[in-house]
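Numbering (the numbering used here), first residue to last: 2 to 308.
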């Protein structure tokens, strides 16, 4: 009899019993899927594990591991849901009891793929490639500009007035996302680096200072078109990583972090979670100097001769 009993209940014993039942019901594909995901999970737990020892921490750790290996939220969900099925089955068969269900804190990710950072090598490929179709070229240019400008968001990039930037090369803005929030606006300021100049010059409308005229109502459509064009560009270069406009921002932070730049400086550059009520009076001025040094370091790192 393969039926596990409460004393010997391990994940594998429950899985084997369930897989056997699935095969008897001719549900072979699903049986193989469960088998695969159990094997994957048990390589994380370094061997079979008693159900009683699977906790919220075990599940959280597995979820982190999957993400660190670049799993999309959709894939992460599949991996974890198959394990959850087995845990729930064991609970139903009264083979295990939990005070806190191991999956209580795990939220199933929606199918929206997590945007991932791309490597410095892949970024170089994008920089050095003369993309022909106009829409692809523009998408790549805006992506690179976002990176050159400290991971600037699409909304902030499109509605920024770049007129006179050469006379005064200080980028100065408040994130559109936070402008109307009660908690005081966060100003981001740093020097526009020379890498950004050719792209700004190529697209800037001299009348408005905008790079592309996109009505508010058309913003999401434009972002969608840009993301699709970036995907095509990546495919053309053989970049297998998922890429979207947001990847520029993610990559900027990741590359900076890898160079040892303090997270606080990187967060300032992208306008994220700066703590309120700083004791320093000229916080922005001080941070601007840090940001300039950081951005320069990140962009110098892209140059081939530094490798």
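C-beta: ideal position from N, C-alpha, C; glycine also. Note that the structure is predicted; figures quoted are calculated from it, not measured.
Practice item. Using DSSP bridges, identify the partner residues of residue 191. Key: 172
Review point. Per DSSP, residue 11 is paired with what?
Key: 51
Check your understanding: Quick check: the region 263-270 against the region 213-231, are there 3 or more CB pairs under 8 Å?
Key -> no
Check your understanding: Whose C-alpha, out of 118, 142, 291, 88, is nearest the C-alpha of residue 127?
Key -> 142
Check your understanding: Do you know offhand how far residue 299's Cα is from residue 31's?
Key -> 47 Å
Exercise for review: In angstroms with no decimal places, state the Cα-to-Cα distance between residue 44 and residue 38.
Suggested key: 10 Å
Exercise for review: Could you check the C-alpha separation between residue 231 and residue 74 for me, to the nearest Å?
Suggested key: 20 Å
Practice item. Label residue 235 either buried or exposed according to how many other C-beta atoms from any shown protein chain fall within 10 Å of its C-beta, with 16 as the threshold for buried. Key: So residue 235 counts as buried.
**Study point:** CB contact flag (residue 103, residue 35, <8 Å)
**Key:** no
Practice item. Count the other CB atoms, across all protein chains shown, that sit within 10 Å of the CB of residue 106; report buried if there are 16 or more and exposed otherwise. Key: exposed
**Study point:** Beta-carbon proximity list for residue 13, same chain, < 6 Å, skipping 5 on both sides
**Key:** 49
Point to revise | Between the CA atoms of residue 83 and residue 113 - distance to the nearest angstrom | key: Since pLDDT at residue 113 reaches only 49, below the 50 mark, its modelled position is unreliable, and the value read off the structure follows with that caveat. For residue 113 and residue 83, the distance between alpha carbons rounds to 19 Å.
Practice item. Mark residue 251 as exposed unless 16 or more other C-beta atoms lie within 10 angstroms of its C-beta, in which case mark it buried. Key: buried
**Study point:** Test item: CB-CB of residue 156 and residue 139 under 8 Å
**Key:** no
Exercise for review: Measure from the alpha carbon of residue 81 to the alpha carbon of each residue in 109, 101, 98, then state which is nearest.
Suggested key: 109
Check your understanding: Among 133, 77, 260, 214, which residue has its Cα nearest to the Cα of residue 159?
Key -> 214
Point to revise | Cβ shell of residue 68 (< 7 Å), same chain only, five flanking positions each side left out | key: 77
Check your understanding: If we ignore side chains and look at the alpha-carbon of each, how far apart do residue 248 and residue 265 end up?
Key -> 20 Å
Review point. DSSP three-state call for residue 46: helix, strand or coil?
Key: coil
Point to revise | Cα-Cα separation between residue 174 and residue 10, rounded to whole angstroms | key: 59 Å
Practice item. Identify whether residue 183 lies in helix, strand or coil by the three-state DSSP scheme. Key: Because residue 183 sits at a pLDDT of 48, beneath the cut-off of 50, its placement in the model cannot be relied upon, and the point is left open.
Point to revise | Exposure of residue 147, with buried meaning 16 or more beta-carbon neighbours within 10 Å | key: buried
**Study point:** Rounded C-alpha distance that separates residue 166 from residue 133
**Key:** 28 Å
Practice item. Report back the beta-carbon spacing between residue 262 and residue 295 to the nearest angstrom; my notes put them in contact at under 8 Å. Key: 5 Å
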